[in-house]
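Colleague:
There are 2 protein chains.
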Amino acid sequence: MRNNSLNVAFLSRFVSLTSMLQSKLFTKTSRQAPADEVSVNAKLLTQAGFIHKELSGVYSYLPLGLRVFRKIENIIREEMDAIGGQEITMTALQEKETWEPTNQWDDKQVDVWFKTKLKNDTQLGLAVTHEAPITKLMKSFIQSYRDLPKFVYQFQTKFRNEARAKSGIMRCREFEMKDLYSFCKNEQEHNEFYERSKVAYKNIFDRVGLGKLTYLTFASGGMFSKFSHEFQTVTEAGEDTIYVNKKHNIAINKEVFTEDVKKDLGLGDDYEEAKAVEVGNIFTLGTRFSEALGLAYQTESGDTKQVFMGSYGIGPGRVMGTVVEVYHDASGILWPMSIAPFQVHVLALGTDKAVADAAHKLYANLERAGIEVLFDDRDEMSGVKLKDADLLGLPYRAVLSSKTSSQIELKLRNEKETRLVSESELLNTVSVQKKLDTA
Amino acid sequence: MRNNSLNVAFLSRFVSLTSMLQSKLFTKTSRQAPADEVSVNAKLLTQAGFIHKELSGVYSYLPLGLRVFRKIENIIREEMDAIGGQEITMTALQEKETWEPTNQWDDKQVDVWFKTKLKNDTQLGLAVTHEAPITKLMKSFIQSYRDLPKFVYQFQTKFRNEARAKSGIMRCREFEMKDLYSFCKNEQEHNEFYERSKVAYKNIFDRVGLGKLTYLTFASGGMFSKFSHEFQTVTEAGEDTIYVNKKHNIAINKEVFTEDVKKDLGLGDDYEEAKAVEVGNIFTLGTRFSEALGLAYQTESGDTKQVFMGSYGIGPGRVMGTVVEVYHDASGILWPMSIAPFQVHVLALGTDKAVADAAHKLYANLERAGIEVLFDDRDEMSGVKLKDADLLGLPYRAVLSSKTSSQIELKLRNEKETRLVSESELLNTVSVQKKLDTA
Chain P
198 MRNNSLNVAF LSRFVSLTSM LQSKLFTKTS RQAPADEVSV NAKLLTQAGF IHKELSGVYS
258 YLPLGLRVFR KIENIIREEM DAIGGQEITM TALQEKETWE PTNQWDDKQV DVWFKTKLKN
318 DTQLGLAVTH EAPITKLMKS FIQSYRDLPK FVYQFQTKFR NEARAKSGIM RCREFEMKDL
378 YSFCKNEQEH NEFYERSKVA YKNIFDRVGL GKLTYLTFAS GGMFSKFSHE FQTVTEAGED
438 TIYVNKKHNI AINKEVFTED VKKDLGLGDD YEEAKAVEVG NIFTLGTRFS EALGLAYQTE
498 SGDTKQVFMG SYGIGPGRVM GTVVEVYHDA SGILWPMSIA PFQVHVLALG TDKAVADAAH
558 KLYANLERAG IEVLFDDRDE MSGVKLKDAD LLGLPYRAVL SSKTSSQIEL KLRNEKETRL
618 VSESELLNTV SVQKKLDTA
Chain F
198 MRNNSLNVAF LSRFVSLTSM LQSKLFTKTS RQAPADEVSV NAKLLTQAGF IHKELSGVYS
258 YLPLGLRVFR KIENIIREEM DAIGGQEITM TALQEKETWE PTNQWDDKQV DVWFKTKLKN
318 DTQLGLAVTH EAPITKLMKS FIQSYRDLPK FVYQFQTKFR NEARAKSGIM RCREFEMKDL
378 YSFCKNEQEH NEFYERSKVA YKNIFDRVGL GKLTYLTFAS GGMFSKFSHE FQTVTEAGED
438 TIYVNKKHNI AINKEVFTED VKKDLGLGDD YEEAKAVEVG NIFTLGTRFS EALGLAYQTE
498 SGDTKQVFMG SYGIGPGRVM GTVVEVYHDA SGILWPMSIA PFQVHVLALG TDKAVADAAH
558 KLYANLERAG IEVLFDDRDE MSGVKLKDAD LLGLPYRAVL SSKTSSQIEL KLRNEKETRL
618 VSESELLNTV SVQKKLDTA
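Read top to bottom, the protein sequences are chains P and F.
So in this note's numbering, the last spot in the first sequence is 636, and the numbers never skip.
So in this note's numbering, the last spot in the second sequence is 636, and the numbers never skip.
#1: Expressed to the nearest angstrom, what Euclidean distance is found between the alpha-carbon atoms of F:Arg242 and F:Ile248?
#2: Give, in chain order, every residue of the segment 234-261 of chain P whose Cβ lies closer than 8 Å to some Cβ of chain F.
#3: For a minimum of 3 consecutive residues, which ranges assigned as the beta strand (DSSP E) are wholly contained in the segment 364-442 of chain P?
#4: Verify the CB distance criterion: does P:Lys631 have a CB-CB separation below 8 Å to chain F?
#5: Measuring straight from C-alpha to C-alpha, what distance separates P:Gly499 and P:Ala493?
#6: Show which residues of chain F have a CB atom less than 7 Å away from the CB atom of P:Arg370.
#7: What whole-angstrom Cβ distance do F:Val453 and F:Ser508 have, given they're in contact under 8 Å?
#8: Check whether chain P comes within 8 Å of F:Arg199, counting only Cβ atoms and requiring the distance to be less than that.
#9: Rounded to whole angstroms, what is the Cα-Cα separation between P:Lys631 and P:Ala553?
#10: Whose Cβ in chain F lies nearer than 9 Å to the Cβ of P:Met534?
#11: Do P:Ser197 and P:Phe390 have their C-beta atoms within less than 8 Å of each other?
#12: Less than 8 Å between C-beta atoms, sequence neighbours within five positions excluded: which residues of the same chain meet that for P:Thr615?
#13: Got a sec: which bits of the segment 422-442 of chain P sit with their beta carbon under 7 Å from any beta carbon on chain F, in order along the chain?
#14: For chain P, is any of its Cβ atoms less than 8 Å away from the one on F:Leu315?
#15: In chain order, what residues of the same chain have a beta carbon less than 8 Å from the beta carbon of P:Lys286, not counting five sequence neighbours either side?
#16: Are F:Val541 and F:Leu591 touching if we call contact CB-CB under 8 Å?
#17: Report yes or no: is there a C-beta of chain P within less than 8 Å of the C-beta of F:Met287?
#18: Pull up the distance between the alpha-carbon of F:Glu612 and that of F:Ile339, whole angstroms please.
#19: Starting from the beta carbon of P:Pro231, find every residue of chain F whose beta carbon is closer than 7 Å, and list them in chain order.
#20: With F:Gln244 as the anchor, note down where its alpha helix (DSSP H) starts and where it stops.
#21: When you compare each of F:Ile449, F:Glu427 and F:Ile366 to F:Tyr468 by their alpha carbons, which one comes out closest?
#22: Leaving out five residues on either side along the sequence, give the residues of the same chain with a beta carbon under 6 Å from the beta carbon of F:Ala245.
#23: So, at 6 Å on beta carbons, what are the nonlocal neighbours of P:Ala239 in its own chain, with the 5 sequence-adjacent residues on each side left out?
#24: Counting Cβ pairs closer than 8 Å, one from the segment 322-329 of chain P and one from the segment 293-307 of chain P, do we hit at least three?
#25: Use the C-beta contact count for F:Val205: other C-beta atoms within 10 angstroms, 16 or more gives buried, fewer gives exposed.
#26: For a contact defined as C-beta to C-beta under 9 Å, what are the partners of F:Ser599 on chain P?
#27: CA-CA distance, F:Val627 and F:Val570?
#28: Using 10 angstroms around the beta-carbon of P:Gln638, count the other beta-carbons present and answer buried if the total reaches 16, otherwise exposed.
#29: When you compare the segment 459-479 of chain P with the segment 427-435 of chain P, are there three or more beta-carbon pairs, one atom per stretch, that lie closer than 8 Å?
#30: Got a sec: which bits of the segment 479-494 of chain P sit with their beta carbon under 9 Å from any beta carbon on chain F, in order along the chain?
#31: Note down, in chain order, all residues in the segment 212-226 of chain P with a beta-carbon under 8 Å from any beta-carbon belonging to chain F.
#32: What residue from F:Asn271, F:Ser603 and F:Leu222 has the CA that sits closest to F:Met517's CA?
#33: Tell me whether the beta-carbon of P:Leu544 lies closer than 8 Å to the beta-carbon of P:Asp573.
#34: Along the alpha helix (DSSP H) that carries F:Leu321, what are the first and last residues, could you check?
#35: Hey, which unbroken runs of the alpha helix (DSSP H) at 4 residues or more fall wholly within the segment 443-491 of chain F?
#36: Interface residues of chain P around F:Phe311 at Cβ under 7 Å?
And the structure:
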């Protein structure tokens, strides 16, 4: 926890308090992956009952999936609060008038609009992003240099009319995005925040388990900056091509990978090509929106000046999909501890009543210790339970059977070996790991 | 807290941990209420900087408003979890095929659709409700009597193309709704859950402060039940007319207020007419959706039977708007403790540095005690601060000035009198009230 509470406007968080009996869960795993999905993330998440496809590129999140999603959201929220972000929620429905000044209403300019209309035939659009609406909103609250800087973010549903959608939850037609917007007096104040946002983003990717594979990547900028910056996670499932400089821990997007740029950055010539997913991006907007929509402030000396803006995006669903692409094997998902739906999966194998009783007791004790636990208390064959445990991918599997006697057979999802432990050893192991993971 | 954790599928909650300096908040109050609003809730919430109008019937929630909204959400979530609800989130974008079997796609049948389309001209609708999509979804998970009953809910954005929208956040074109759907083996199992849902709803309205004004109200039913039930809060701002029987603490909606129905209910003839807002409703769907969309299960004896369904709605935004309609005076809002954006408003009046220092210390101590506190540390005149405090409406106002010496002038928003207290008295008073309120 790195929250400086005096600067933190609004820290709210989901805390998943309880554990759960698998027999009560309404979702089930499927024997086979869905035939109509191409991407690994959609195949595994659907088969495991984490998500449900409504139509191509449009997914519902079911209880286990929503738990993962909320944990990712919460990590992002904490990091945004830590750099002074104030949380709001804006709306999907938007008026033409908001988008015309920046030339973004025409379908030829922005080609992923979903449009609709009111009963009186007034056209509306479903927001693909919120730079323009928030600039308009901030006009009510920014008048003077004393009102700046301000940092405002939301978790909100975006709609994008993608021609194709076959990357599962990594590229959707309807998806939640965390978008933060910064409002500064000038470029220097903006740059200071921009650097802080890089640290916050690095923290987020570290905390969700993608840190080592995710590179700060130079990408094309706009009118107000030579570059924007993407956070690209290396995986074969990626749609982007980047060039990674491992020594300096940065990358360059193919779109700007030129000799000029390489010389500019001056980090040598040691770049490796890789496929990657853009899991976040930060962008200097400058005064493009504030000029077009009239967001100005009075300086200390009484002049009028345009507000200098930036935008900072990250999609929790895309992060979740990328985690699955990176952390899976032939049997299922391997969730990092920090975002796993539960930390421990307790399995009671066989029909022995003493085993079932011991498992119920273990379940209750883990829960009491504040450990999130899913208990497979179903009336199923051992083989089915073990297979489902691999598919669901919780970090710790704790098996009780007549063979284990009073001990517990503990296995980490990402290791092959099992070992027999006592209940107190199990509690201790999980608690220590949990602390490390949420530090 | 009434959670039975063994039955609770998924308890997650927002906890607002921190307090805040008012000088950092990006929103400001306005001198006047907005001229383009008719309803009291939209006037006050906009003037106080809790919400922002995007277009008629479409509102963004700003930091203080979002805090209230999330607290209401969280109360609802806890009560839904307590009766065995499992949380998911479905999507706004929906296909025609989902709605045709129940005859709900045609604009003549459902007249509040927002429609849009994919690039290949496939028509889509923005879900006005989710009975049909969830029935389709549950076909993947319900096959046998062993899979029943199940209770599934979400907090999700609905879109309704209302012809007029002038009730502020009480009736919106885009709004979040908690909708729970129940899936039971038969009518008897359904009725048991239906009764439990009444208790959960009663708890919700009690906890948000509307309990005493909110009546379980008989309203028109459907094919499968003579009545549905609404929860109606009595206020002049209401669009509905109900007949209240105070002795039995129930009401009858005007639409079914007939001699026959009165005789049916057998509660005498003592009814008073009142204006009211429908803050929640529960409805027996029977097999309308399961028949049309093919959601059936195998009974214990091997027969095939349709699943018996119900739906249970409540809009956190409408609840919030209703609270403002009910709890306000000429100077502003009076938030109930349980959903106030912060519990205590600390005001430092005057320019005395010793007062400012004492206020900062009090702020830190309240925060440390786990009390949510907004501290007006702005460089503003006393009159402005006092006026804003009334407008924002936090339950406790704690004023420090050179007049109060080492004491604190404490005032409840809903009382006229102030009294001088010590810091420990203040801490004690607020903590006790907080405990009572969240018990």
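The beta-carbon is built from N, C-alpha and C at its ideal position, and this holds for glycine as well.
Modeller: In short:
#1: The amino acid occupying residue 242 of chain F in the given sequence is Leu; Arg does not appear at that position. Computed Cα separation, rounded: 6 Å.
#2: Flagged, chain order: Gly246, His249, Glu251, Leu252, Val255, Tyr256, Ser257, Tyr258, Leu259 and Pro260.
#3: 371-381, 411-419, 422-431 and 437-442
#4: no
#5: 12 Å
#6: Leu290
#7: No, F:Val453 and F:Ser508 are not in contact; Cβ-Cβ is about 19 Å, not under 8 Å.
#8: Per-residue confidence for F:Arg199 stands at a pLDDT of 33, beneath the threshold of 50, marking its modelled position as unreliable; no derived number is given.
#9: Straight-line Cα distance between these residues: approximately 26 Å.
#10: By Cβ distance, chain F contributes nothing, its closest Cβ being about 17 Å from P:Met534, past 9 Å.
#11: With chain P covering only 198 through 636, there is no way to say anything about residue 197 of chain P.
#12: Val596, Glu606, Leu607 and Lys608
#13: none
#14: Contact of F:Leu315 with chain P is assigned, a C-beta pair being separated by under 8 Å.
#15: One detail in the question is off: residue 286 of chain P reads as Thr in this sequence, not Lys. Once the five neighbours on either side are set aside, the close Cβ partners of P:Thr286 are Gln351, Phe352 and Gln353.
#16: yes
#17: yes
#18: 54 Å
#19: Per Cβ cutoff of 7 Å: no residues; P:Pro231 is ~10 Å from chain F at best.
#20: Note, F:Gln244: alpha helix (DSSP H), Val237 to Gln244.
#21: F:Ile449
#22: Thr226, Leu588 and Leu589
#23: Gly365
#24: yes
#25: Legend: pLDDT at F:Val205 = 27, less than 50; position of this residue unreliable, no value from coordinates given.
#26: Near F:Ser599 there are no residues of chain P at all, since even the closest Cβ is about 24 Å away, more than 9 Å.
#27: Rounded to the nearest angstrom, the two C-alpha atoms are 11 Å apart.
#28: Nothing can be reported for residue 638 of chain P: it is not among the residues displayed for chain P, which extend from 198 to 636.
#29: yes
#30: none
#31: Val212, Ser213, Leu214, Thr215, Ser216, Met217, Leu218, Lys221, Leu222, Phe223, Thr224 and Lys225
#32: F:Asn271
#33: In this structure, P:Asp573 lies closer than 8 Å to P:Leu544 by Cβ.
#34: Run containing F:Leu321: none in the alpha helix (DSSP H); it sits in the beta strand (DSSP E), Gln320 to Leu323.
#35: 456-462 and 485-490
#36: Thr313
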